[in-house]
Amino acid sequence: MDVSSKIRAARLWLAGPEAWSGRRIAGEIVLAVVLALLAAGTQELMGSTGLVQFGTALAVAVLSLLRRRLPASVLVVSGGAAGVLAGFGPLLMVSGWSAGRRIPGAGRALAAFTASYVLTIAIGVSSEWPQFSPLSLILFSTLYFLATTVVPGLASRYWTQRRTLLHALQEHNAQLLRERAMVAGQARLRERQRIAQDMHDSLGHQLALISVHTGALEVDPALTDRQREGVGVLRNASVAAMHELREVVGILRDGVERDDAATAQGPPPVDDPHPAARGAAGIEGLVAAARAAGNSVELRCTGVRRPLAAAADHAAYRIVQEALTNAYKHAPGAAITVELRYEPDSLVVEIANGPAPADPGDVVSGGQGLTGLRERARLVGGMVHAGRTDGGGFRVAGVLPYGADGLPPATVAASFAAPLVDAQDDFRQQSPSVPLGDGGPVMDWTVVQRELMMSGRRGSRASGVALGCGIAVAAMVLLAVAGGFGLFFLAGSADRGMIEPSEYEAVKVGTSETEVRDSLPDGDSFMTSGLEDSGPAKPEGSDCLVLASSEAGDSLTAEPVFRFCFRDGKLIEKKSYDVVQ
């Protein structure tokens, strides 16, 4: 294996299950450099040598790059190193956040955080003993670990689980929407097939009988020429109705409109004056047929003819056809005007008839014709208006845009299928999915589900997300309470172990021991822990009181100390010196 292959394999191993993009690689390198600089700067403030600073920075940078691949190991190592080297503090916080979201299983995460905590306490206490009290070290180390590691880890873990849960809900919701659409489509197809069968069996039979009888009547020698012409119109109308019925039945059965290829398979019969694919061009045929039936119909056409979309073209034909039918039924013998106006942006179709010369009597009407026209126009972006005129007549007007792209009936019907949820309530609009490897969920859904189910079996009604938030809040409250007690303890302990330089100068050698001790603190404080055995040798047979100075030394590693030595009930010596930590 050559060097490039080894580098590629190492990079894939380092990335783990997540795909690292160029932006992610740059971000990880920048973070590693920042953590390394913080580690080196912290060690410099602590007075470490240059070699220690460089080693700490290098180790922090390497562990930062490994925290995604080995989250538990990096957390444990960082905790142990932070107990003796303060430069690992920032890395401990970052590794706690990373381990919280990347360690699968609550048990493994708890074990990793516990091991890191134990190492932090054990190494920290052993390195600072006997300068500080073990109980004080354990208290402050615990507070530090809770604030910098546990709380970020809990927040990261349950924030990631929430994102994973939302992502799973989005996928589940999308699957339900797809299944609902499939079920609705199958139901529509079954209903269309039933309607098509009913239409074919009932209307087809009746229209066939009309066509046969009118055909036989047309060749009857007893008819006059005018009667024979009227019968021919009836026969042609029945034949046209048969072709339209065949077309509608095909649409209902197949779920798609007949295309041009299907139309080209065979021309319509020559005796059909109205081809199946009707449009604005067929309106003249409608008017001619109405005139042949004895009606007074006038056709007007203004403007420059422009092509319409297929659905809009068919809607124009249906508007004229339905309006003429209504005029025949409700105002027989009235004059009818059909007007087509080609406006710059739309086609205006207007059909008006005058008042009926006589009472039409009882008229059979389904009452759905105008409703269907309005729906047709709406689907293509237009509108239809119908109402009475001032002279007692009736007018139907439709506005159809040129650019409306019509939809086939199957698509239109599918658009009315109610979705499972409203668009504004769709999960996919609330939380867009994030690709894995660039900030997306890194925990498997099965792991999240297992933890939530385990919490449910324990009798908790709260979800895993609520449980994590509750633990984080409880930890923050505990941290605040412990911090308050710690500050109170620090203040009291500092008062018992520190004095001002002016107080040291006010004490005179030869003063009685009782007077001196009454004027000074007792020195029982963590501030003086480990200072008694430092500094110059004590006078023989003396008992000394060591106190820290309230003023800082010349360097971070030098601590000013005041020592008072007593013998035979008097102050025999006082000294001021620096203790190097």
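Residues 0 to 580 in numbering that gives the first Met the number 0 are what the sequence shown lists, from first letter to last.
Ideal Cβ positions, reconstructed from N, Cα and C, are used throughout, including at glycine.
Item                                                                                                                             : Value
Between the CA atoms of lysine 328 and alanine 239 - distance to the nearest angstrom                                            : 20 Å
Nearest candidate by alpha-carbon position, reference alanine 376, set Asp532, Val347 and Ile498                                 : Val347
For leucine 30 and glycine 381, the rounded distance between their alpha carbons                                                 : 59 Å
Contact check, arginine 299 vs threonine 336, beta carbons under 8 Å                                                             : yes
Per-residue burial, glycine 568 [other beta carbons within 10 Å of its own, 16 or more giving buried]                            : exposed
Residues of its chain near proline 520, where Cβ-Cβ distance is below 7 Å and the 5 sequence neighbours each way are ignored     : Asp494, Arg495, Gly496, Ile498 and Leu546
Inter-residue CB distance, valine 544 and glycine 522 (contact presumed, cutoff 8 Å)                                             : First, the residue type needs correcting, since residue 544 is leucine and not valine in the sequence shown. Going by Cβ atoms, the distance from leucine 544 to glycine 522 rounds to 5 Å, so yes, they are a contact pair.
Cut-off 6 Å between Cβ atoms - residues of its own chain near serine 115, not counting five sequence neighbours on either side   : Leu74, Val75 and Gly78
Burial state of isoleucine 318, where buried means 16 or more other Cβ atoms lie within 10 Å                                     : buried
Of the residues Phe139, Leu216 and Ala309, the one placed nearest glycine 402, counting alpha carbons only                       : Ala309
Supposed contact pair leucine 90 and valine 36 - C-beta distance, whole angstroms, cut 8 Å                                       : The identity of residue 36 in the sequence shown is leucine, whereas the question assumes valine. Not a contact, Cβ separation roughly 12 Å.
Rounded distance between the beta-carbons of glycine 392 and proline 354, thought under 8 Å                                      : 5 Å
Three-state class that DSSP yields for tyrosine 576 in the structure shown                                                       : strand
Residue range of the unbroken beta strand (DSSP E) whose run includes proline 400                                                : 393-400
Three-pair Cβ contact test at 8 Å for the region 154-172 versus the region 84-99                                                 : yes
Rounded separation between valine 379 and tyrosine 316 - CA only                                                                 : 14 Å
Beta-carbon contacts of valine 296 that lie in its chain and below 6 Å, excluding the five residues immediately before and after : Val286, Ala289, Arg290 and Ile335
Rounded C-alpha distance that separates isoleucine 571 from serine 126                                                           : 35 Å
Under the three-state DSSP convention, the category proline 559 falls into                                                       : strand
CB-CB length for threonine 301 against arginine 245, believed under 8 Å                                                          : Not really, about 35 Å apart at Cβ, beyond 8 Å.
Span separating the alpha-carbon of glutamate 342 from that of glutamate 283                                                     : 19 Å
Residue burial classification, isoleucine 350 (beta-carbon count within 10 angstroms, cutoff 16)                                 : buried
Delimiting residues of the alpha helix (DSSP H) encompassing serine 501                                                          : 500-505
Buried/exposed call for glutamate 321, threshold 16 Cβ in 10 Å                                                                   : buried
Inter-residue spacing [alpha-carbon to alpha-carbon] between alanine 333 and histidine 384                                       : 20 Å
Run of the beta strand (DSSP E) containing threonine 336, from where it starts to where it stops                                 : 335-341
Every unbroken alpha helix (DSSP H) inside the region 88-142 [4 residues or more]                                                : 88-101 and 105-127
Ordered list of alpha helix (DSSP H) runs contained in the region 152-179, each at least 4 residues                              : none
Beta-carbon separation (whole angstroms), valine 124 vs leucine 136, contact threshold 8 Å                                       : 5 Å
Whether serine 548 touches phenylalanine 561 by CB criterion (8 Å)                                                               : yes
Reference alanine 121; option with closest CA among Pro133, Ala111 and Ala110                                                    : Pro133
Proximity to valine 232 [Cα-Cα], best of Ala183, Leu202 and Gly293                                                               : Gly293
Bridge partner(s) assigned by DSSP for lysine 569                                                                                : Ser511 and Arg566
For threonine 301, the residue or residues it bridges with in DSSP                                                               : Arg340
From Asp344, Ala71, Glu27 and Ala85, residue whose alpha carbon lies closest to that of alanine 60                               : Glu27
Own chain, CB closer than 8 Å to glycine 368, minus 5 neighbours either side, in chain order                                     : Glu321, Thr324 and Asn325
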